[in-house]
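Below is one structure; the comments refer to it alone.
There are 2 protein chains.
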Amino acid sequence: MNEQEKTLYAAKAAVLKALAHPTRLWMAEQLAGGEKCVCEFVNAVDFDFSTISKHLAVLKQAGIVEDEKRGKQVFYRLKVPCVLQFIGCVEAVLKANLRQSCSTAGK
Amino acid sequence: MNEQEKTLYAAKAAVLKALAHPTRLWMAEQLAGGEKCVCEFVNAVDFDFSTISKHLAVLKQAGIVEDEKRGKQVFYRLKVPCVLQFIGCVEAVLKANLRQSCSTAGK
DNA sequence: ATCATGCTTGGCATGATAGCCAAACGACCG
DNA sequence: CGGTCGTTTGGCTATCATGCCAAGCATGAT
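Going down the list, the protein sequences come from chains A and B. Quick note: the first sequence, position 88, residue 87 per numbering that gives the first Met the number 0, numbers continuous. Quick note: the second sequence, position 32, residue 31 per numbering that gives the first Met the number 0, numbers continuous.
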């Protein structure tokens, strides 16, 4: 792996890393249904306003969402919707894991 | 978000997290071309044997790869190939980021 | 049996993340 | 103006991740 490849993989991994957190993944999925303001997220989960805000900043920095201020509120929306393609596959992995642990447990 | 959902998102995020590291992502992509033994990875990147081994253990634990010992060597292969669907989208995000930073720089 | 090879595990130092609180900030309201 | 609301930022601590080294453990060769 040369330097250029290293940089590329670091960049790709950074995008995945942004989604690799329960709260952030959840927010990304929520945004699939349309834009939401920060307060909507805060109301739905029991986390500090600042915590949610920072998570959204991570997603924004990764280029996954974009924000727009309207009045007092800031709305976030998905910038690259294909991000949600992931989920199907992630769920496939989970199912495979489950199947395996069940069959193992059954023995 | 209730308890059950929290658990689900934690599980999904854990899978993504396993891939959210440059070396691990690179190895997963390498495995798309067929199984490889640990030593092949070690030779290709300048990391300690133990480091590579631990990364592979993370991927295995997440259910993304599976291993098989044959003789002295251990071979790893992708367990859920759709994992590589991700990559296309991740690259789309990177391209979008690039376009934006270019157009910003151009002003 | 002894040894070398391929790999995993334990342990440690270092750095990154997550969440909370407090403070700052900008937009609107009176 | 001064206040309030929605949000971001700074700062702190606790927890987790990464990579190296050294040691351990199988497997196959001598």
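Every residue, glycine too, gets a C-beta built ideally from N, C-alpha and C.
Would you give the residue range spanned by the alpha helix (DSSP H) that residue i belongs to?
| i | result |
| --- | --- |
| B/Val14 | 2 to 18 |
In chain order, what residues of the same chain lie with their CB nearer than 6 Å to the CB of residue i, ignoring the 5 residues before and after it?
| i | result |
| --- | --- |
| A/Glu67 | Phe74 |
For a contact defined as C-beta to C-beta under 8 Å, what are the partners of residue i on chain B?
| i | result |
| --- | --- |
| A/Gln3 | Near A/Gln3 there are no residues of chain B at all, since even the closest Cβ is about 13 Å away, more than 8 Å. |
| A/Gly33 | Correct list: empty, because the minimum Cβ distance to chain B is about 18 Å. |
| A/Ala95 | Gly62, Lys78, Val79 |
| A/Cys88 | Val79, Cys81, Val82, Gln84, Phe85 |
Rounding to the nearest angstrom, what Cα-Cα distance links residue i and residue j in this structure?
| i | j | result |
| --- | --- | --- |
| B/Ala19 | B/Ala61 | 12 Å |
| A/Pro80 | B/Lys71 | 45 Å |
| A/Phe85 | B/Gln84 | 7 Å |
| A/Leu15 | A/Tyr8 | 11 Å |
| B/Ser49 | B/Ser102 | 43 Å |
| A/Asp47 | B/Cys38 | 46 Å |
| B/Lys5 | A/Val41 | 15 Å |
| B/Glu34 | B/Ala17 | 18 Å |
| B/Val92 | A/Lys78 | 8 Å |
| A/Glu65 | A/Met0 | 33 Å |
| A/Leu30 | A/Ala104 | 37 Å |
| B/Val82 | B/Glu2 | 27 Å |
Quick one: list the residues of chain A neighbouring residue i, beta-carbon separation under 7 Å, in chain order.
| i | result |
| --- | --- |
| B/His20 | Ala12 |
Between which two residues does the beta strand (DSSP E) carrying residue i extend?
| i | result |
| --- | --- |
| B/Val73 | 72 to 77 |
If you drop the 5 nearest sequence neighbours on each side, which residues of the same chain put their C-beta closer than 8 Å to that of residue i?
| i | result |
| --- | --- |
| A/Ser52 | Val37 |
Determine the chain B residues that contact residue i at a beta-carbon separation under 7 Å, and present them in chain order.
| i | result |
| --- | --- |
| A/Lys16 | Ala19 |
- request: Output the residue ranges of the beta strand (DSSP E) runs that lie fully inside the stretch 25 to 69 of chain A and measure 3 residues or longer, sorted by chain position.
  value: 64 to 69
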